[in-house]
Each structure stands twice: as structure tokens, then as C-alpha cells.
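Chains as they are written, first to last, in the UniProt record's numbering: chain A, 1 to 439; chain B, 1 to 566; chain C, 1 to 332.
Where is the CB? At the ideal position from N, CA and C, for every residue including glycine.
Please read all numbers here as calculations on a predicted model, not as lab measurements.
Report on one structure; see the data block that follows.
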Amino acid sequence: MSKTVTDVICPFCGTLCDDLVVVTDDEGKKILSVENACAIGAEKFLHSSDHSHRVTRPRKLQEDGSFKEITYEEAIEYTAQMLVNAKKPSMYGWSSTNCESQSVGHEIAELCGALVDNTAAVCHGTTLVAVQNVGIPSCTLGEVKNRADRIIFWGSNPAHGHPRHMSRYSIFPRGYFTGKGQKQRKIIVVDPRCTDTSSLADVHLQVEQGYDYELLQALRAAVRGQELTGDIIAGVPKEKVYEAAEMLKSGRFGVIFFGMGVTQSLGKDHNIDAAIMLTKDLNDYTKFSIIAMRGHYNVTGSGQVLGWQFGFPYSVDLSRGFARYNPGETGTIEVLKRKEIDAMFVLGSDPGAHFPMQCVKEISKLPSVAIDPHITPTTSICKVHVPVAFVGVEVGGNCYRMDNVPIESRKVVEPPEGMLTDQQFLEGVLKRVRELKAN
Amino acid sequence: MSEYIIKNGKVYDPKTGIKGDVADVCIKDGKIADKVSSKAKVIDAKGKTVMAGAVDIHAHVAGPKVNEGRNYRPEDKLFTYKPTGKNTRMSGGFSIPTTFKTGYEYARMGYTTVMEAAMPPLYARHVHEEIKDTPIIDEGALPVFGNNWFVFEYLKNNEMDNVCAYIAWLLKTTKGYGIKIVNPGGSEAWGWGENCTTVDDPVPYFDITPAEIVKGLLTANEQLGLPHSIHIHSNNLGNPGNYETTLATLKIAEGVKAKNKFGREQVLHHTHVQFHSYGGDSWVNFESKAKEVAEYFNKNKNMTMDLGCVTLDETTTMTADGPFEHHLTSLNHLKWANVDVELETSSGIVPYVYDPNIKVCAIQWAIGLELGLYAKDPLRTFITTDHPNAGPFTRYPRVIKWLMSDKSRQEMLKGFKHSEKVIAATNLASLDRELSMFEIVQMTRAGPAKALGLENVFGGLAPGMDADVVVYNLNEDKIKNPEEIETAFSAADCVFKSGTMVVENREVISNGNKRTLWVDAKVPENKQVERDVQMKFLKFYSMTINNYEVSNHYVPNPYVIEVDSN
Amino acid sequence: MDIVKLTLTKVPDLYLEAENVTPDHFAGKTAQQIGELHVHLGNQTAKISDYFSVEGKGGETAADTKIVIAGPTDKVKYIGMKMTAGEIEVQGNTDMYTAAWMAGGKIHVKGNVDSFCAIGMTGGEFIVDGNAKNYLAASYRGDWRGMQGGKVTVKGNAGSDTATFMIGGTIDIGGNVDVHLGTHAEGGKIIIRGNAKGRVGGQMVKGDIFVLGQVERMMPSYILKGEEEVELDGKKQMFQVWIGDMGERHAKRKGEVIYGKIYVPTGAGETAAPAIHTEKRKKLTDKQIEHLKEAFKDQEPTVQQVRTYIYDTFDVDMKPMQVSRLIDGIKR
Ligand code: SF4
Ligand SMILES: [Zn+2]
């Protein structure tokens, strides 16, 4: 016998597919199969269900570089002491966990005068900065499916990073006004390289690496019917720029999806700024929207919870008892490089793998705790590693899709005996921090 | 639970008919009581004003666009923060405060119940997450129905039972309070970059008009007997000459009788009427039509309105009226955010600076106040700023000051850069009416509570009602300077929410025990609607039907109002 | 004018926030009262006297007060924030937000300053003898009102994102500037005496930018309008005038469209168009790989150990994925 759970949410990428079907054994302990998910998503479920490689109790780094098992109570004590004693601790990550845990974490950060930052620091933070400068005309993914006839992927390769995006929302689906699916749509890909996605495109603009900003501003000028200087604009022949502008204007409903190819290449927030302004301009001719291809499944949720609690979407500095925000100063990478912090708490992210080595070395010098179901480059350099249940597999909780739509993830199997969830661990820390602060 | 007796205050309470007489108010077990034991804690309110907690019928305080507003305006937080306190979280933001600040500031002003004015159903879970994190005040949220494809299709086919079943289902699924209509049909048209600016503009591809949508939803509302009436933001908001569209919308409700068991008498609530009372045909000859609109309301007693007063601040506009925000950004070139929501609605956000030196802004300011002064029935006229659209809710005390003091209004009028033009385009200079304290209480307590079908719960001091009580350090008979009004209403001496003291000496001392209000309407089983919902989710939504409902744990302290429409 | 002399006596272990160090806060105070004012380090609050020795006293008003700051103040933020009058002279370097939201008076830093200096400035004068980092005289995040008035002079170089959303005032940079100069500007005047690294005047609506050196790759959305004689530094000079940003909205005045303008001296070398240097190649040489093999001989190192070793020994920052592939390769 087996049990089937339907409408399961995939806790992997920002596509946040919510139609998975997971079959478990009778006791709800082991996952037998996963349907509807892409290969990456299915792997996430099956991998978590294989307990053989998992650490199930907290571990503390010893002098000799080995790890020794400690209890959750000891881990809570270490974490609380570390945060309470620090002058400027950083609490980083929050993208691979649920909103409930984020909320508890924020309360700890507020009490301890910490910095709170999520993985937008290394992916779409620049998008958020651009949105703060010029806004963002956008829509839900269902709108795209029902109406869109112009789809642009800019610096984004969904075939690789968001495998079901194209079939669920963007290129293939048939919606209310788009009964013919792909046939009704024109696909434009802007990418210096040929990718799996560009092979599906009607037009591929091979922008010169690092010159997205110039191309975007040229497109904006072309949309306005202005002259352009130069025959080749950022690697693209001038006529092709005008052609693309016409194609965008002639649609009835267009969408630009953009990814790390523009958010982290030269120009960063300026690229997104110009892409948003292009979208805005196009609304004078037709209907256009723009959507960020967010990576981690709940990085968007972290920005939302930070937003309603403190008013800023990432890189929030609570050290003075009130919230401040200024990426470039309060971002985790900057404070590590500049040695502005004296303790590091990581949950739901792997800076050890994604930060520059200079920052990674700095983390390894600081008092530090990493909360993560896996052993990762981060857990191996932190002083304490606290393994926890998998959010979206072993515990539910709210998450936000890349278009900010909230979806509550589901629990499908039990975590290994005696393991805490993120939220339970954080609540333990919060309780202890309150006690320490009261004295 | 503790007992309190608030002694010797000047009490104002339309519910029990007390108009400033000196009386005691007793609180016991979270409710207003006839009497209390000798153990009751005594609050001396001698020379002060005592009234029920205020009810805000329309404010944008929680949900996706409010939060986008916060996140995309870091500059709105600059130098506004109040640090963590003994019992309070840190709180900041000016026009779009954080959830903590929202709860604390409302409470400090003596507001204890607030309606979130526009909840996109697909984002309902987000709205409730924020409501959960907003301390002290009781809140409900109004899902938007005026651009919903189910509603369009049922209404087009004249299937009233199906509309009702769908509404009941959506209220339950989203934990919503009532029927909000924003730019009926126009927000759907915005899906194609278009709009409906009159009540007869057909909605592209749906073969229905705004008038039919309003009429249909109004009929459904009364058939269901919901506690609140339909709550409408009509077409053509913010444009010169739009008062005609407003009157055409109101006409739809003429003569219709309310049907419900909650004591509600109106069948239509028109929100932020200031934005809908414009004359002229351009910004050059832009003028007030507040008189015409207010007189229509005076004649038609089955309608209520809230003002939407412009406070002349830098603020953030946000509405489910997508095309309006696009229009606005083309006027002021400030950052524009927009979200179109599949099958349901659109929405937009643009910062706006209401500059007293700009003629149009000053006229808008005057129109909001004129409406309040022309209205003959304060029980059907409610004070709002359509927070944060015409100004932040924290300016209510200032609006109250303007309504109560002709002197303060005349000073403003005189101070404008285009004073003469503003005076010529409005009637405010000649309106010397000054609202009394009792009228203010009607407009902020008894009136909105009644319109929401909550007159026996909130907004009054009759025994058995919720003990939401406020003491302001103000005596109506001894006001020397209008500024005293603003100061007193900005922070109450003390505030009780459901019998718990939440504000003492103008400061928040407790996070209270907030509740979420929602309406559970029971309708006969309806297989067709069930099938239609299943089908539309499969084909057109980007989420599965089983992940759509807001589960109960997002509403940890619910106050469910049951309606039996069987 | 009364002078207050602050000398840093203790270098902060993290960074110090000193927004109280302004003539506005010091006016009317004795040395002792000034020493009592707060400075902040992370979540800790300290007194100015915990970090500085204080001599002299404040003048009657801010305008009568001059503050002279000595010592290694590299890690002090917010000096002169929101000041409205008086003078500050810093003998060394300062950190971020020096002169932020400055409204009047004068600040002279003899060393270098870090990022976000003079953001949101509305008036006064800010002079830096050394270099400034990024976001000099830019707007605060999200604000469409950047520098609105006053004058900023940097004798050395300035970083990227200088003068974002500028709407008034003057910025004069003696050296070079990094990318994104005057983005979204809607007024004001910028003079760059060295070279500008590119993306000059991107999305500019209005305003004047002079680049006396070279502009690296002019934006394609700028058009060469012709030559014009313009007075600069008191003498008339011929400039090539570029107008744009053509991708942006522009208002009309008296029937004429108003553009942003970039002035480049006539005859200054052709605007060069070098390829943007791509990131440092993250690959090891064969020799380095040999070295690595030797170092980890007969060991089972973790990815992180190898990544750290590579970084320490060869100064190459490799991603863990690359390192793990490298280890696999070496094993084989
Ligand atoms: S596309 Fe993303 S969310 Fe969907 S199944 Fe694949 S990994 Fe999971
Ligand atoms: Zn509203």
C-alpha cells in the first residue's frame, strides 16, 4: 500500500509549481515517486527522502577541524549567546525556508540588533533596487498564459533554471485568449550565447556581453522612432534593433522575463531599470509587463515578510533599533568585505558556495551558525551546523512565487525522528534570546 | 478579565443617544457593562471626551500592493522610524507604514476596527499574513469582484443564484468580508491596455457593461443579505468631469431597499467620493462638483459614502484601478508599479506629491471637505483619506480639525499660492459649517459600524457591545485653538480594545488581541458553480484549486459573521 | 568662529556612526557637553568622548562653529550628516555618508571618502582632496530627488553611479569617474576633468555633463548635435555637443524639446570603444594544478579546503562547482 498526496508544491525554484503528485509509503516516511515535477524538482524530493546521507543532530566544529554532535539545546544556547553578545551580527539567507520561520527570525534580529538579508544579495537584489528607482509594470503568470503573444527572455534561460516555466506559463500553454498556444506567440531571446531557450526563439538578439544597458536604451529610442548612433548597437545590427522594436509594439500583450544574465552582469540594476522603462514605454502602444525570474523558491517571500515588517525587501540593518536599508552598505557581501560584522547566522542559503572567497574566509573567522538540512560548503565553515527538516517536504508553510503569488507548501513525509524544523529551532533561540536580554 | 470604570468624562455616543453629557462608562469582561464591582480600576476622565473606538471603513493597509508600495519606496521610511519599545516592535514608514506601525498608529488615534479596502482573491493569503502581523486593531478585507470573470459570465447569462453561490464561495475561500467593486469592467479592459470610463462602456470580449456589473452585484448582495452593502469605487476616477459617471453609478441603486438582519439600511457604499466629484473638462477648468454629488446623497437615503480627503502630503497612490495609475504616472512621471491578476483584477501604484502650491491639488483638498460639510446625514458620511491615496490615515486628526473649524480652513485657503483660483473653483470659502463632536462621532464610529452591519458590536457604548473605548484630552466647549483638536485626536489619553487597555498616556502599551472579521454566507449547494470553478482553475488559473483557499491558521483569531442565505 | 577639535583616540573595532558630529549639534555646547553626545557602533551606544578627545567649544550658532577632525577616521560614517551651516574640516579619510543630506555650510575632507557621500544634498559645499567612491551626490535609494543644490568638488577620482537623479547643483571631479554618471539626471551641472568610463548620462532627461577627457563608448541613444562654444572655467571653449538620452521622455519648452547634453572638447581624442574587460578568468594553469596535486597528495580534501587553498595560494576565486570538477579531474 502507498499514500498519494496531490497538489504538492515544489520547493525548488521560483516557478513554485503546485501540481505535483507525491506517492509515499504507507507510514508517510519514504517518498516512492514524484509526478509532474521536472527532473530537478523530483530529485529534490527523492534526495531528501533518502536519509542515509543526512545529519540528524546539530554538530559543533572542534579545534582539530572535525565536527562533534551536540544537542539541539546546546545549539540553541550557542546561537542565542552568539547573537546576544555580538555588536553587529548578520542573519543571512531566508530564501529556502517558509515565511513563518522568516518571521520568527526577524523578531530575533530585531531584539539582537542584527542585519537581515536574503539571497537577493547575490541574484535579484539589483532588480529590487531598479524597482525602487522606476517601479515595475507586471502581472501574474496566469495573465501571461491567458493573454501574452510576445514573450521576451532577457539574460534568462528557463530551459535550464526554471524547466517548467515555458510549459506552464510562457511559451506553450493555451489560455483563454491564447487558444493556439505557441503558434500565437512570438518569442524573442536576448542572450550573448545560444541556449536551449534561444533555439525556440523567433528572434535571437545576440547582445555583446555586458552591453545590455546600451541595447535596452537603444530599443527604447527605437520604440520612440528616434535615431540611433552607430550601425551595430551593442553587437546587434541597427536594423534588427528597429525590427525588434516593431515586433514588440505590434503585439497585444507582451512580457519580458529576465534573469541573472542581466541582473549580475555589468550595469546590474541599471540594466533592469532600462528594461522596466522599456516595458513602461511599450504601454503607450500596447500592453506590456515584466517579471523577474526569481531563483530560490521563497526568496520572494523573504522580501515580502521583510517588507511588511520593516519596509525594505532585503539587506535590512536593524542594528540601531530601527530599520535602515542601503545595498552597497548594508548588503551581506559588503559588510563581510568591509569587516563590519562580528557574528554570522545563516539559514536557508549557501553563501559558502556563492559568495566571493574573501567573504567566505571572513565567515570562517567569525562566530557562526548555519541552519541547513544538508551538509554544504557553508555548514562546513561555520562553528555550528544545525540540521533541520526540509521545508516543503517534511514541513509546510507559506511561500511566494516569482510573481509574488503566495502558495502554502505542504508536508508530504515525516522528517527523521527527533529533528526540529527551522521554525521550531528559531522559536527556541527567540525564547532564549528573550531570557538573556531580560537579565 | 479586568474591570474598568471611566468616570466623569463628556460622553458622545449616537448608539445610546448621549451627546456630551457627563457620564461613566463601565467595562467588564471585554464588553461595555451597566455597572462594575468596586474592584474596577478607575480612570478619571473629568474634562475629557469619551467615545467608542473608531471604525475605518476604507483603507489600504495590508496585501500585495500595499507591500509593493513599502518595498519600492525606501525613501518613504527615511527618518521616520520609532525604535523597538518595551512592548512594541520597531515601526516606521510615512505614507505606507509597516504593519506594526499601522496597528500602533491606528490604536493611538483611537481606531479599533479597520477594513482593508481591496483584496485580490489570488493574493488573499498575503493579505491575511499582513493582517495577522498588524497588532491591536480588528480587521476585515473586501475581496474585489467587479472585474471577475465568473461574475461577468454569470451576470451576462442572468444566473443570479450562481453569482450568489460564487460570491459565498469566494468570501469563504479568501476569508473576505464583503463585495468590493473597483472600476467595474475597466480593470479587466486594462488587461488589454484599455479602460471603461462610463457605466455603459462594454467590457472588451465579455459583452457586459459596468452598469450591469454594479446592478448584478448589488442584487446579489441583497439576495445574500450580507452585513455590508456593495462597496464601490466607480469608473472614471480622478478625471475632470467625472461626477456625471459617479451620479450615473449611484442611480443604479436608486430606490432599492436593503435586505439583511444586521441593521444595515444602505445598499451601496461609494468610497473616496472626493476623487469622483470633479467638474470641468480639463485640468485648466477643473472644479468642484461636491455640492451636486452631496445633494444626491442627501436625497437618497439608501446610500453611504466616505470622503477620501486630500491631506496635501507626499503619499503613495494604490488602487485596483490599473488604468488610473497608468494615467497618473503619465502625468507625474513617478515610478509606476502595476499588477494584473489573472481572471480577477488589476492594480497599480504611483507616488504622488499633493503640493498645496499646485492649483489642482488645493482644489482636491477643498472638495473632500466640502463633501463632509454639504452632507446632511453624518451617519451616512464617513471620514477617510482613502489611505494612502489622498493622504495617510495618520492625518485623520487633521481632517477632523478642518471639518470642525472654519478658521483652520480659511487659513489654508488664504495660504495657497493660487488662492483665488482655488476659491473660485470650489465652494469651501462660503461654507462656514463646523461639525460638532457628536457629528464627528457619527462619522467615525456609529455610521461606519452600521454600514458594515456591525452596529451592535462596534462603534457604540451600549452595554453588551465590545469594549472599544477611547478617552481624548479635549473638551468641545473649551477649544481655543483648532490645533488642540488635531493634537488630541492624534494620540488618545487611553484606548481600550475589547476591554484591554492598549494605549495609556498617548503611548501603545500592549499588542492587544486582534481579530480578523470575515463573512461566512451559507447558500444552497450549487453543483454548477463547483464545476465551473474546477474547470476555470484547470484551464485558466496558474494555481490549482486545492491550493487557493486561505486555510484557517492564517486567521488565528477569527470573528466569523454567519449569514444564512438558504 | 569657535573651533572644536576632535581627535580620534581609539580606532573602532567595527565602524562608528557619528551623525551627531555636525556644527548644528555642537553649537552652544562646551567640550564636555560635546563629549557626551552619542556615537554608535553596531547595536552599541557610546559617547563621542569614548572615541575622541574634544578641545575647544561650539560657537553660539551652527554658522559660528567649525569642527576640525584629526586622527585615523577611516571607519567613521555620517560625519556632517544633515548639516545646515558652519564648517567641518577632516584631516584624514572618512567613511560612508560624509555630508549626506547636507543642506548648508562647508565640509572639507583632506583625504579620501567612501561611498554615498553627499547623497540627497540640497545645499552647501563639499570638498574632497582625495578620491570618492560610489554613489557620490546620488539620491537615496528610491528617491527621485538626488542632489538638488550646493557644490561637490572632488580633486581625485569618483566611483560609479555619481550624481544619480541629480536635479540641481554642481559637481566637479578633477580625475576620472567610473560607469553610470548622471543616470536619470533632470538638471544640474557635472564637470569631469579626466575620463568617464561609459554610460554617461544614461536615461538623462535634462542637465549638462562636461567630460574634458574621453568618454568611453558614448551611449547609442545619444546623437551628435554639432559644435557649440561654451564658457567653462571663465574661458570660452569649443565643444562637441551630444544630446539624449533619446530613449527617455523629454519636456518641451517654447516648442523646443529639452534634452540632456554631454559636452566633449572638440579635438579631444575620438571616443574610444574598448571592449568591456570581462571578469578575471577563473582557471588554473597547468603548473598551478601540478602544485595543487602535490599539496593534497594522499589526502581527501573537502571542496572548501581546496577552494580556500587555491584562493590563498594563487589568488583565484573559484566557484565550488568548478573546484569539485577540478578535484574529480585530478583524481582521474
Ligand atoms: S520548474 Fe521549478 S518549481 Fe517547477 S518542478 Fe521544476 S524545479 Fe520545481
Ligand atoms: Zn481605496
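Between Ile208(B), Gly279(B), Gly185(B), which has its C-alpha nearest Lys197(B)'s C-alpha? First, the amino acid is wrong: residue 197(B) is Thr here, not Lys. The residue with the shortest Cα to Cα distance from Thr197(B) is Gly185(B).
Below-8 angstroms beta-carbon distance, Asp143(C) vs any chain B residue: yes
What are the start and end residues of each continuous alpha helix (DSSP H) run of 4 or more residues lying completely inside the stretch 28 to 68 of chain B, in chain order? none
Would you call Asn439(A) buried or exposed, if buried means 16 or more other Cβ atoms sit within 10 Å of its Cβ? exposed
State buried or exposed for Leu32(A), treating a residue as buried only when at least 16 other CB atoms are found within 10 Å of its CB. exposed
Considering only heavy atoms of ligand 2, does any lie closer than 7 angstroms to the CB of Asn389(B)? yes
Considering just the uninterrupted stretch of the beta strand (DSSP E) at residue 619(B), what are its terminal residues? Because chain B is modelled from 1 through 566, residue 619(B) falls outside the range shown and cannot be assessed.
Taking 7 angstroms as the line, does the beta carbon of Thr140(A) fall inside it for any heavy atom of ligand 2? no
The stretch 337 to 346 of chain B touching the stretch 145 to 159 of chain B, judged by at least three CB pairs closer than 8 angstroms: yes
Looking at the structure shown, is Ile88(C) part of a helix, part of a strand, or coil, going by DSSP? strand
Where Ile208(B) and Pro202(B) are concerned, what is the direct C-alpha to C-alpha distance, given to the nearest angstrom? 5 angstroms
Rounded to a whole number of angstroms, what is the C-alpha to C-alpha distance between Leu128(A) and Gly322(B)? 21 angstroms
Taking Ile3(C) as the reference, give the member of Val90(C), Asp64(C), Lys10(C) with the closest Cα. Asp64(C)
Output yes if chain B places a C-beta closer than 8 angstroms to the C-beta of Arg249(C); else output no. yes
Measure the beta-carbon distance from Leu216(A) to Ala274(A) and round it to whole angstroms, keeping in mind my assumption that it falls under 8 angstroms. 4 angstroms
Among the residues of its own chain, which have a CB less than 7 angstroms from the CB of Val405(A), if the five just before and after it don't count? Thr140
Ligand 2 heavy atoms versus the CB of Thr385(B): any closer than 7 angstroms? no
At a cut-off of 7 angstroms, is residue 455(A) close to ligand 1 when judged by its beta-carbon and the heavy atoms of the ligand? Examination of residue 455(A) is not possible in this model, given that chain A is present from 1 through 439 alone.
Count the other CB atoms, across all protein chains shown, that sit within 10 Å of the CB of Leu538(B); report buried if there are 16 or more and exposed otherwise. exposed
According to the Cβ coordinates, are Glu414(A) and Glu394(A) closer than 8 angstroms? yes
From what residue to what residue does the alpha helix (DSSP H) around Phe26(C) run? 23 to 26
Spatial neighbours of residue 336(C) within its chain, please: C-beta separation below 6 angstroms, excluding the five flanking residues on both sides. One cannot answer for residue 336(C) here, as it falls past the ends of chain C, which runs 1 to 332.
Starting from Pro320(C), find everything on chain A with Cβ-Cβ shorter than 7 angstroms and list it in chain order. Ala353, Pro377
Would you mind sorting Thr45(C) into buried or exposed? The rule is 16 or more other CB atoms within 10 Å of its CB. exposed
Extract the residue ranges of the alpha helix (DSSP H) inside the stretch 325 to 359 of chain A, only unbroken runs of 4 or more that lie entirely within it. 332 to 337, 351 to 354
Backbone secondary structure at Phe45(A) - three-state DSSP: helix
Could you list the residues in the stretch 72 to 106 of chain B with a C-beta less than 7 angstroms from some C-beta on chain D, going in chain order? Absent from the structure: chain D. Protein chains present are A, B and C.
Comparing the C-beta of Tyr135(C) with each C-beta of chain B, is any distance below 8 angstroms? no
Indicate whether Val284(B) and Tyr243(B) have their beta-carbon atoms separated by less than 8 angstroms. no
What residue range is occupied by the uninterrupted beta strand (DSSP E) comprising Gln322(C)? Premise fails: Gln322(C) lies in the alpha helix (DSSP H), 320 to 331, not in any beta strand (DSSP E).
Considering only heavy atoms of ligand 1, does any lie closer than 7 angstroms to the CB of Gly41(A)? yes
Assuming Val495(B) and Val470(B) make a contact with CB atoms under 8 angstroms, what is their CB distance in whole Å? 5 angstroms
Identify every residue that forms a DSSP beta bridge with Asn481(B). According to DSSP, which records beta bridges pairwise, Asn481(B) is partnered with nothing at all.
If you draw a straight line from the alpha carbon of Glu279(C) to that of Val306(C), how long is it in whole angstroms? The predicted position of Glu279(C) is uncertain, since its pLDDT is 46 and thus under 50; a value taken from the coordinates is nonetheless stated next. Rounded to the nearest angstrom, the two C-alpha atoms are 21 angstroms apart.
Could you give the first and the last residue of the continuous beta strand (DSSP E) run that contains Lys3(A)? 2 to 8
Near Thr9(C), what residues of its chain come up, given a Cβ to Cβ distance below 8 angstroms and the 5 sequence neighbours on each side ignored? Tyr51, Phe52, Ser53, Gly71
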